[in-house]
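Asks: Would you mind keeping the following structure in view while I ask a few things?
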Amino acid sequence: MSQLKISENGERFCQDVFDTMMQQSDAVYGVLISTVDGHDVTRKFKRDMPSAKLAAMFSSVLALGETIAREADQALCRYVIVENSDGYILTLKLKEKLVLSVIATTDANLGILHSICRSAADKLSKNLR
Amino acid sequence: MSEIKLIITGTPGAGKTTAIAAISETPPVRTDTATTDDLAEVKDVTTVAMDFGELTLDDGQKVFLYGTPGQQRFEFMWKILVQGGLGLIILVDCSRPDPLADLDMYLENFADFIHQTGVVVGVTRRDQSATPSLDEFYERLEAWGRVFPVFEVDVRQKDDVSLMISALISTLEFATA
Amino acid sequence: MRTISSVGLSQKDENVLKALLDLLGARTREAWHYAPAGTTDAVILDTDNRDALAQWLAHGHDRTLTPIAYASAPIDLPVEHRLTKPFRAADLIAVLNTISSRDTGPESAETAEPREDAEADIPFLSGAIPPLAQQVAECRTRYLRLSSARQTVLLDCANKRFAMKHPELPLREFLRTAPDQLDVVACDQPGAGFEGIDSWQSDTPLRWWIGVECSSARLLRSLDSSSRFKILRWPEPGLIKHSQHYLSLSALLSRKSGVTLAEIASASSIAADVVTGFINAASLTGILTTRTVKNEPGAVLAPPAADPAPAAPVNKGLFARIRARLTL
Chain A
1 MSQLKISENG
11 ERFCQDVFDT
21 MMQQSDAVYG
31 VLISTVDGHD
41 VTRKFKRDMP
51 SAKLAAMFSS
61 VLALGETIAR
71 EADQALCRYV
81 IVENSDGYIL
91 TLKLKEKLVL
101 SVIATTDANL
111 GILHSICRSA
121 ADKLSKNLR
Chain B
1001 MSEIKLIITG
1011 TPGAGKTTAI
1021 AAISETPPVR
1031 TDTATTDDLA
1041 EVKDVTTVAM
1051 DFGELTLDDG
1061 QKVFLYGTPG
1071 QQRFEFMWKI
1081 LVQGGLGLII
1091 LVDCSRPDPL
1101 ADLDMYLENF
1111 ADFIHQTGVV
1121 VGVTRRDQSA
1131 TPSLDEFYER
1141 LEAWGRVFPV
1151 FEVDVRQKDD
1161 VSLMISALIS
1171 TLEFATA
Chain C
2001 MRTISSVGLS
2011 QKDENVLKAL
2021 LDLLGARTRE
2031 AWHYAPAGTT
2041 DAVILDTDNR
2051 DALAQWLAHG
2061 HDRTLTPIAY
2071 ASAPIDLPVE
2081 HRLTKPFRAA
2091 DLIAVLNTIS
2101 SRDTGPESAE
2111 TAEPREDAEA
2121 DIPFLSGAIP
2131 PLAQQVAECR
2141 TRYLRLSSAR
2151 QTVLLDCANK
2161 RFAMKHPELP
2171 LREFLRTAPD
2181 QLDVVACDQP
2191 GAGFEGIDSW
2201 QSDTPLRWWI
2211 GVECSSARLL
2221 RSLDSSSRFK
2231 ILRWPEPGLI
2241 KHSQHYLSLS
2251 ALLSRKSGVT
2261 LAEIASASSI
2271 AADVVTGFIN
2281 AASLTGILTT
2291 RTVKNEPGAV
2301 LAPPAADPAP
2311 AAPVNKGLFA
2321 RIRARLTL
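Protein chains in written order, with our numbering: chain A, 1 to 129; chain B, 1001 to 1177; chain C, 2001 to 2328.
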């Protein structure tokens, strides 16, 4: 079980940020905050998805992204993007120990999705301790 | 040349990353991240995707060593990593509350792979707990019919890791059913 | 002692033949040993191997040799002795005893079949000193005191422990002391130098190395060479890690249904005396189980259906290269 607990206020703040993201783009149908070692912390899903499993997978994929960057002699992995035939998944580090992941349909423009994620990540980073 | 893979799995903190580091010719590739759960009392970082090391044979062929994440929530990585693998090493940390249950969990999850290949069990952190006995570990393996090796090992020692791999190779060559 | 050679045998058959000769020797009237072709009493001729057969016939072989035709089907050759493939211990013993009977006269002819009391021919059962491994196997309650000129080891058979006095050599080296320079005495008390000793150790390594080093290439009397042998657990790493043969034997004896001596010979090129020593060591350390298969047709030489096919040659090469890389 994760030792990282989010307060009631923190939870409300996160849900507000998730709502804003989904309002900014109808294509966004899932947002998840998890820990770097794969625990689900909080989420907002419009569809039924296995949040615990996804939390572990986002942790793996982000760690692999960071490792690949290092092996390729590139600095600081900012995002891992999984582009699929019917959607996108963006994963990025949030502060030291958290991961933010956004799941969207192909109706989203990847550039806009980036922007939404970055802006949400900034807000969350400032307000989550 | 086809890819030769050996897989090392086992409980978090049992020494999978250390074992690969002990024997790999190159600095192991790691995917460590900070631990945020109870494991933090034991270790600061944990593997969340895989560890990777390699050995070069005299004809230039590479043997790849893959370490899995230990926690069951990373089961999806186990399935990915064993694909095309030659055999499995399970490391069991004796300082944990129920090492035999830990072993059962890995045997169950890797059952298909073990049936097709073979397994060696490395019992670690014996300096912290002399129990369970090796006989108890062997009892847990009885249902398989084949007698898989169970060794007490110090995975910081290259020779101990070599022994596990050698025993695994012998098992694959001479006792694969 | 009689000698036998072979012509045209596959490597596998040659290994099986050598193993059978080494391990079943006590069940033949005379001791038979394998030797290179040329000066032996008998020769086994693989008549399915046409090239080898033609060469043997063409080169005016030694007429004093007794040929034994070894074939998968009857063949038209003027040869008195015949064996049908694959090798079976009972058939081989019968042929060798027939040859012995013919050479030593009709009064021995009744022993042409394998004898139930063949153990009487084993020197250590008829008055001579048995190998140390056998003495340890038979010691249940007493002490065995093993002494060389400068070192003494005391085995407490009842309590499964041992102690050493003046240890100069590691156990294995000590046990390599020539048998005539190693004094073995069974006693009821620990004896001089061992009274009140508190440095007892588990006897597992001592028993193991006695099995390995002091078996004189003979299985313990309690073991039947036609059994399937299986280990209950792998020997401790310190006992096997320095020999690839021991790792291979551990794996062979780990199979679900165990393994016969002939299967070991067929699957590996490990010398018969090493195999014998390993099996005795496993028995002396309590990790061996056996299943008698004497009455199962072809059991001695034919692997059971459930057993694995030998690893493909490509993997054999790969395994060897990985081992070479890992040299312990």
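Think of the CB as a built atom: it goes at the ideal place given N, C-alpha and C, for glycine as much as any other residue.
Identify whether C:Cys2329 lies in helix, strand or coil by the three-state DSSP scheme.
Replies: Any property of residue 2329 of chain C remains undetermined from this structure, which presents chain C solely from 2001 to 2328.
Asks: Taking CB distances under 9 Å as the criterion, tell me whether A:Met57 reaches chain B.
Replies: Closer than 9 Å: yes.
Asks: Give the single residue among B:Ala1049, B:Gln1083, B:Asp1058 and B:Phe1076 whose Cα lies nearest to the Cα of B:Gly1067.
Replies: Of the listed residues, the one whose Cα sits closest to B:Gly1067 is B:Ala1049.
Asks: Let me see if you follow: with CB-CB separation under 9 Å, is B:Pro1149 close to chain C or not?
Replies: Output row for B:Pro1149: interface = yes.
Asks: Using only the alpha-carbon positions, how far apart do C:Val2007 and C:Ile2044 sit?
Replies: Approximately 6 Å between the Cα atoms of the pair.
Asks: So with CB distances below 7 Å, who are the chain B contacts of A:Ala52?
Replies: The contacting residues are Arg1073.
Asks: Specify, as a first and last residue, the run of the beta strand (DSSP E) that B:Lys1062 falls within.
Replies: Where B:Lys1062 is concerned, the enclosing beta strand (DSSP E) stretches over Lys1062 to Gly1067.
Asks: I need the DSSP call for C:Asn2315, collapsed to helix, strand or coil.
Replies: Helix, per DSSP.
Asks: Label C:Thr2047 either buried or exposed according to how many other C-beta atoms from any shown protein chain fall within 10 Å of its C-beta, with 16 as the threshold for buried.
Replies: Under this definition C:Thr2047 is a buried residue.
Asks: Can you tell which of A:Val31, A:Asn9 and A:Asp86 has its C-alpha closest to the C-alpha of A:Phe58?
Replies: Residue A:Val31 is the option with its Cα nearest to A:Phe58.
Asks: Less than 7 Å between C-beta atoms, sequence neighbours within five positions excluded: which residues of the same chain meet that for C:Ala2305?
Replies: Confidence in C:Ala2305 is poor, its pLDDT being 43 and thus under 50, which makes the residue's placement too unreliable to answer from.
Asks: How many Å lie between C:Leu2182 and B:Glu1025 at the Cα?
Replies: C-alpha separation (whole angstroms): 46 Å.
Asks: Measuring CA to CA, which of A:Asp73, A:Thr106 and A:Leu92 is closest to A:Ala27?
Replies: Comparing Cα-Cα distances from A:Ala27 to each of A:Asp73, A:Thr106 and A:Leu92, the minimum goes to A:Thr106.
Asks: Please name the residue in A:Arg70, A:Cys117, A:Ile89 and A:Phe45 whose C-alpha comes closest to that of A:Ala104.
Replies: Nearest option by C-alpha distance: A:Ile89.
Asks: Using 8 Å for Cβ pairs, my map puts B:Gly1053 next to B:Leu1065. What's the rounded Cβ distance?
Replies: Right, the Cβ-Cβ distance comes to about 4 Å (below 8 Å), so this counts as a contact.
Asks: Would B:Gly1070 and B:Thr1035 be called neighbours here (beta carbons separated by less than 9 Å)?
Replies: Contact flag unset, no.
Asks: Apply the 10 Å Cβ neighbour rule to B:Gly1013 and answer buried if 16 or more other Cβ atoms are within range, or exposed otherwise.
Replies: Label assigned to B:Gly1013: buried.
Asks: Residues of chain A with CB under 9 Å from B:Met1077, in chain order?
Replies: Per Cβ cutoff of 9 Å: Ala56, Met57 and Ser60.
Asks: May I have the straight-line CA-CA distance separating B:Arg1140 from A:Leu110, to the nearest angstrom?
Replies: Computed Cα separation, rounded: 52 Å.
Asks: Mind pulling the chain B residues with CB within less than 7 Å of A:Lys97?
Replies: Those within 7 Å of A:Lys97 in chain B are Ala1034 and Thr1036.
Asks: Considering just the uninterrupted stretch of the beta strand (DSSP E) at C:Ala2163, what are its terminal residues?
Replies: Arg2161 to Lys2165 is the extent of the beta strand (DSSP E) around C:Ala2163.
Asks: Quick check: what's the CA-CA separation for A:Ala81 versus A:Tyr29?
Replies: A small fix is needed here, since residue 81 of chain A is Ile in this sequence, not Ala. Spanning the two alpha carbons is a distance of roughly 16 Å.
Asks: Roughly how many whole angstroms lie between the Cα atoms of C:His2166 and C:Pro2235?
Replies: So the two alpha carbons sit approximately 27 Å from each other.
Asks: Among the residues of its own chain, which have a CB less than 7 Å from the CB of B:Asn1109, if the five just before and after it don't count?
Replies: Result list for B:Asn1109: Glu1075 and Trp1078, in chain order.
Asks: Can a CB atom of chain B be found closer than 9 Å to the CB of A:Glu66?
Replies: Cβ-Cβ to chain B under 9 Å: yes for A:Glu66.
Asks: Is B:Glu1173 buried or exposed, if buried means 16 or more other CB atoms sit within 10 Å of its CB?
Replies: Buried, because 16 or more other Cβ atoms sit within 10 Å of the Cβ of B:Glu1173.
Asks: Assign C:Glu2263 to buried or exposed, taking buried as 16 or more other Cβ atoms, counted over all protein chains shown, within 10 Å of its Cβ.
Replies: With 16 or more Cβ atoms within 10 Å of its Cβ, C:Glu2263 is classed as buried.
Asks: Taking C:Ser2268 as the reference, give the member of C:Ser2100, C:Thr2003 and C:Gln2011 with the closest Cα.
Replies: For C:Ser2268, the nearest C-alpha among the options comes from C:Gln2011.
Asks: Do A:Leu98 and A:Ala17 come within 9 Å of each other at the CB atom, strictly closer than that value?
Replies: Note that residue 17 of chain A is Val in the sequence shown, not Ala. In this structure, A:Leu98 does not lie closer than 9 Å to A:Val17 by Cβ.
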